[in-house]
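To keep things clear, I will list the structure first and then write my remarks on it.
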Amino acid sequence: MKKNWWKIVCVVLLFYTVIAGFMMDVPRKPILNETIRNQYFHVCMWFGMLALMSISLYYSLRFLKTSNIADDVYASQSANVAILYGVLGLITGSIWAKYTWSEWPTFSLKGWWINDVKLNGAAICMLIYFAYTLLRNSLDDDTKRAKVSAVYNVFAYVLMIVFLLIVPRLTDSLHPGNGGNPGFAKYDLDNKMRMVFWPAVLAWILLGLWIASIAIRVKLLNAKKLNLIDLSPLDQE
Amino acid sequence: MVIAEVKALIKKEIKTEWQQRYAFGGMLLYIASTVFVCKLSFNTIDSPLTWSALFWIIMLFAAVNAVTKSFLAENAGRTLYLYTLASAQSIIVAKIIYNSLLMLLLSVICFGVYALLLGNPVTNSWLFFATVIVGNLGFASLLTMVSAIAAKAANNFSLMAILSFPIMLPLILTLIKLTKFAIDGIALSVCIKYLLTAFCINIIIVVLAYMLFPYLWRD
Numbered sequence: 024m025k026k027n028w029w030k031i032v033c034v035v036l037l038f039y040t041v042i043a044g045f046m047m048d049v050p051r052k053p054i055l056n057e058t059i060r061n062q063y064f065h066v067c068m069w070f071g072m073l074a075l076m077s078i079s080l081y082y083s084l085r086f087l088k089t090s091n092i093a094d095d096v097y098a099s100q101s102a103n104v105a106i107l108y109g110v111l112g113l114i115t116g117s118i119w120a121k122y123t124w125s126e127w128p129t130f131s132l133k134g135w136w137i138n139d140v141k142l143n144g145a146a147i148c149m150l151i152y153f154a155y156t157l158l159r160n161s162l163d164d165d166t167k168r169a170k171v172s173a174v175y176n177v178f179a180y181v182l183m184i185v186f187l188l189i190v191p192r193l194t195d196s197l198h199p200g201n202g203g204n205p206g207f208a209k210y211d212l213d214n215k216m217r218m219v220f221w222p223a224v225l226a227w228i229l230l231g232l233w234i235a236s237i238a239i240r241v242k243l244l245n246a247k248k249l250n251l252i253d254l255s256p257l258d259q260e
Numbered sequence: 003m004v005i006a007e008v009k010a011l012i013k014k015e016i017k018t019e020w021q022q023r024y025a026f027g028g029m030l031l032y033i034a035s036t037v038f039v040c041k042l043s044f045n046t047i048d049s050p051l052t053w054s055a056l057f058w059i060i061m062l063f064a065a066v067n068a069v070t071k072s073f074l075a076e077n078a079g080r081t082l083y084l085y086t087l088a089s090a091q092s093i094i095v096a097k098i099i100y101n102s103l104l105m106l107l108l109s110v111i112c113f114g115v116y117a118l119l120l121g122n123p124v125t126n127s128w129l130f131f132a133t134v135i136v137g138n139l140g141f142a143s144l145l146t147m148v149s150a151i152a153a154k155a156a157n158n159f160s161l162m163a164i165l166s167f168p169i170m171l172p173l174i175l176t177l178i179k180l181t182k183f184a185i186d187g188i189a190l191s192v193c194i195k196y197l198l199t200a201f202c203i204n205i206i207i208v209v210l211a212y213m214l215f216p217y218l219w220r221d
């Protein structure tokens with residue numbers, strides 16, 4: 024129980040996020056109105072995704088150093104949960120965009136996808152990690168798969184960060200926080216929103232870690248059943 | 003990494019290429035027929051953005067075609083022999099340098115054919131020249147590394163595109179922007195920022211390849 028305190032924190036914070044996120048007062052902004060509450064869910068997904076991808080990167084680097092298959096399991100399962108978060112982020116984002124951007128008269132495209140830098144950045148992250156899973160699936164040998172995918176993970180993560188840093192500066196964006204649109208930093212100044220937002224970020228990251236830890240445990244147990252790795256040090260935990 | 007090793011390896015790459023001249027001929031034919039298809043489909047291109055995007059997309063596919071074979075075409079025995087002779091770093095650096103040279107040659111030819119059939123709207127030639135050099139170095143180094151990764155897996159040609167296209171986007175978008183600047187004749191002081199960005203992406207790719215490749219080659 025002592026080791027599980029963070030799971031309790033996660034559940035409490037998630038309840039707080041959902042209840043306070045929907046009940047508390049938010050600033051009334053033109054166009055955005057109540058949709059501003061999406062910040063507690065949509066933006067947190069990207070925080071969670073990046074956190075999980077960074078964890079995946081850490082374990083990939085560790086695998087390259089130690090060649091321990093367990094590290095590879097940590098890296099791949101974190102990446103899988105990162106993909107889940109990314110998909111959820113895309114869904115929450117596009118529902119939000121449908122009711123805010125698409126109503127704008129200047130838009131000829133009234134679809135669920137708008138050609139926008141941040142959206143494309145998100146799509147690229149997804150493509151990279153789908154490619155990562157595909158690469159893993161196309162390799163049969165365990166050690167080889169672990170090594171090759173770790174190398175690709177490091178290579179792709181760095182270039183993804185480059186993408187996220189550079190490309191938004193190349194063009195203007197519709198997304199809040201770019202090109203004169205009121206953004207994330209501006210709402211952040213609102214103390215009431217900050218009180219929900221940062222706990223929400225923490226809650227979603229913890230939930231991601233929780234899901235990943237279960238997925239990792241399942242994978243490790245499967246591997247143990249097949250006698251692929253020696254898990255005696257982990258059993259003592 | 004030893005300079006002499008790298009030199010010898012580059013020489014070996016050039017000799018292998020010369021022995022397989024049909025492969026190089028194939029690439030030239032690929033460029034010619036792609037540009038011809040574009041000519042027939044577009045007839046004329048008025049928009050600078052379309053011109054530069056199309057140019058870089060053709061270059062992208064030519065690059066994938068040309069660079070993919072750098073690790074895939076080697077047979078297992080010869081690769082193993084090579085690794086006993088030279089260090090992994092020398093091999094990746096030699097491959098990157100050789101592929102960059104190949105890509106530069108291909109891009110000059112591609113630009114020639116492209117300009118001949120679809121016109122040459124470039125006003126700032128120096129900027130365009132610099133963009134082509136930086137872009138092809140980036141294409142060559144990134145694709146060399148990805149081809150080393152893809153060579154380890156089955157079904158590697160489609161894997162090559164899947165793995166490389168998403169991570170190539172920052173480079174391609176910067177290059178298209180720069181080419182558009184070269185066509186519009188924007189002052190160099192504005193463009194230098196983007197040129198430096200593309201250059202920095204190149205440096206990052208080469209450093210990553212240099213550091214990661216030694217983990218990759220051993221089976």
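Chains as they are written, first to last, in my numbering: chain A, 24 to 260; chain B, 3 to 221.
Idealized CB from N, CA, C, for every residue including glycine.
Starting from residue i and walking both ways along the alpha helix (DSSP H), at which residues does that stretch end?
| i | result |
| --- | --- |
| B:Ala6 | Ile5 to Gln21 |
| B:Thr146 | Ser127 to Ala152 |
| B:Gly114 | Ala90 to Leu120 |
| A:Phe70 | His65 to Thr89 |
| A:Met46 | Trp28 to Met46 |
| A:Thr115 | Ile92 to Thr123 |
| B:Ile59 | Pro50 to Leu74 |
| B:Gly79 | Ala78 to Leu87 |
| B:Lys179 | Asn158 to Asp186 |
| B:Pro216 | Leu190 to Leu218 |
Name, please, each residue of chain B whose Cβ falls closer than 9 Å to the Cβ of residue i.
| i | result |
| --- | --- |
| A:Ala162 | It should be pointed out that residue 162 of chain A corresponds to Leu in this sequence rather than to Ala. Lys154, Ala155 and Ala156, listed in chain order. |
| A:Leu19 | The requested residue 19 of chain A is not part of the displayed model; chain A covers only 24 to 260. |
| A:Leu73 | Per Cβ cutoff of 9 Å: no residues; A:Leu73 is ~16 Å from chain B at best. |
Pull up the CB-CB distance for residue i and residue j, whole angstroms please, since I reckon it's below 8 Å.
| i | j | result |
| --- | --- | --- |
| A:Phe178 | B:Met147 | 6 Å |
| B:Gly187 | B:Asn126 | 5 Å |
| A:Ile304 | A:Tyr180 | Here chain A has residues from 24 to 260 only, and residue 304 of chain A is not among them. |
| B:Ala184 | B:Gly137 | Not confirmed; about 12 Å, so no contact. |
| A:Gly109 | A:Met72 | 5 Å |
| B:Ala88 | B:Met29 | Rounded, the Cβ-Cβ distance is 26 Å, inconsistent with contact. |
| B:Phe225 | B:Ala90 | Past the edges of chain B, shown from 3 to 221, lies residue 225 of chain B, and the structure says nothing about it. |
| A:Lys167 | B:Lys154 | 6 Å |
| B:Ile207 | B:Ser160 | No, B:Ile207 and B:Ser160 are not in contact; Cβ-Cβ is about 22 Å, not under 8 Å. |
| B:Ile169 | A:Leu182 | 4 Å |
| A:Met47 | A:Gly112 | So it is not a contact: roughly 22 Å between Cβ atoms. |
| B:Ala152 | B:Val8 | In fact, because the Cβ distance is near 23 Å, the residues do not count as touching under 8 Å. |
| A:Ala102 | A:Leu243 | Not really, about 16 Å apart at Cβ, beyond 8 Å. |
| B:Gly121 | B:Thr36 | That belief does not hold up - the Cβ atoms of B:Gly121 and B:Thr36 are roughly 16 Å apart, past 8 Å. |
| B:Phe73 | B:Ala189 | About 42 Å; that fails the 8 Å criterion. |
| A:Ser79 | A:Ala98 | 5 Å |
| B:Lys182 | B:Ser54 | 5 Å |
Can you list the residues of chain B that residue i reaches, using a CB-CB cut of under 7 Å?
| i | result |
| --- | --- |
| A:Tyr175 | Ile151 and Leu165 |
| A:Met76 | Chain B residues near A:Met76: none, gap ~14 Å exceeds 7 Å. |
| A:Leu84 | Under the 7 Å cutoff, chain B gives no residues; its nearest Cβ is about 10 Å from A:Leu84. |
Residue i versus chain B: which residues are under 8 Å apart at the beta carbon?
| i | result |
| --- | --- |
| A:Leu142 | In chain order: nothing, as chain B lies at least about 13 Å away. |
| A:Phe220 | Ordered by position in chain B, no residue passes the 8 Å Cβ test against A:Phe220, which lies about 29 Å from the chain. |
| A:Lys30 | Those do not exist, as A:Lys30 stays about 34 Å from chain B at its closest Cβ, beyond 8 Å. |
| A:Ile92 | Near A:Ile92 there are no residues of chain B at all, since even the closest Cβ is about 15 Å away, more than 8 Å. |
| A:Leu80 | The contacting residues do not exist; A:Leu80 stays about 12 Å from chain B at best. |
| A:Leu10 | With chain A covering 24 to 260 only, the question about residue 10 of chain A has no answer from this structure. |
Can you name the residues of chain A whose CB is closer than 7 Å to the CB of residue i?
| i | result |
| --- | --- |
| B:Pro168 | Ile147, Leu150, Ile151 and Ala154 |
| B:Leu171 | Ile147 and Phe186 |
| B:Ile206 | Val181 and Val185 |
| B:Leu214 | Val174, Val177 and Phe178 |
| B:Thr199 | Ile189 |
For residue i, go through chain A and note every residue whose CB falls closer than 8 Å to its CB, in chain order.
| i | result |
| --- | --- |
| B:Met162 | Those within 8 Å of B:Met162 in chain A number zero; the least Cβ separation is about 11 Å. |
| B:Tyr217 | Leu87, Lys170, Ala173 and Val174 |
| B:Met147 | Phe178 |
Check the Cβ of residue i against every Cβ in chain A and list those closer than 9 Å, keeping chain order.
| i | result |
| --- | --- |
| B:Leu210 | Val177, Phe178, Val181 and Leu182 |
| B:Ile203 | Leu182, Val185 and Ile189 |
Quiz item: Touching or not, the segment 57-65 of chain A and the segment 155-169 of chain A, by the rule of three or more beta carbon pairs under 8 Å?
Solution: Taking 8 Å as the limit for Cβ pairs, the verdict is that the segment 155-169 of chain A does not touch the segment 57-65 of chain A.
Exercise. Inspect the CB distances between the segment 77-88 of chain A and the segment 167-181 of chain A and report whether three or more fall short of 8 Å.
Key: Because the criterion of three Cβ pairs below 8 Å is met, the segment 77-88 of chain A and the segment 167-181 of chain A touch.
Self-check item: At least 3 beta-carbon pairs within less than 8 Å: the segment 109-118 of chain B vs the segment 174-181 of chain B
Solution: As far as the Cβ criterion goes, the segment 109-118 of chain B does not touch the segment 174-181 of chain B, which means the pair count is below three.
Quiz item: Contact between the segment 162-170 of chain B and the segment 39-53 of chain B: three or more CB pairs below 8 Å?
Solution: Segment contact: the segment 162-170 of chain B against the segment 39-53 of chain B, fewer than three CB-CB distances shorter than 8 Å; contact not assigned.
Quiz item: Using 8 Å as the Cβ pair cut-off and three pairs as the minimum, do the segment 217-232 of chain A and the segment 30-46 of chain A touch?
Solution: Touching, yes.
Quiz prompt | Three CB pairs or more closer than 8 Å across the segment 235-252 of chain A and the segment 52-64 of chain B | solution = For the pair of segments examined, the segment 235-252 of chain A was found not to touch the segment 52-64 of chain B: the number of CB pairs separated by less than 8 Å stays below three.
Quiz item: Using a Cβ cut-off of 8 Å, which residues of the segment 95-124 of chain A contact any Cβ in chain D, in chain order?
Solution: Of the protein chains in the structure, A and B, none is chain D.
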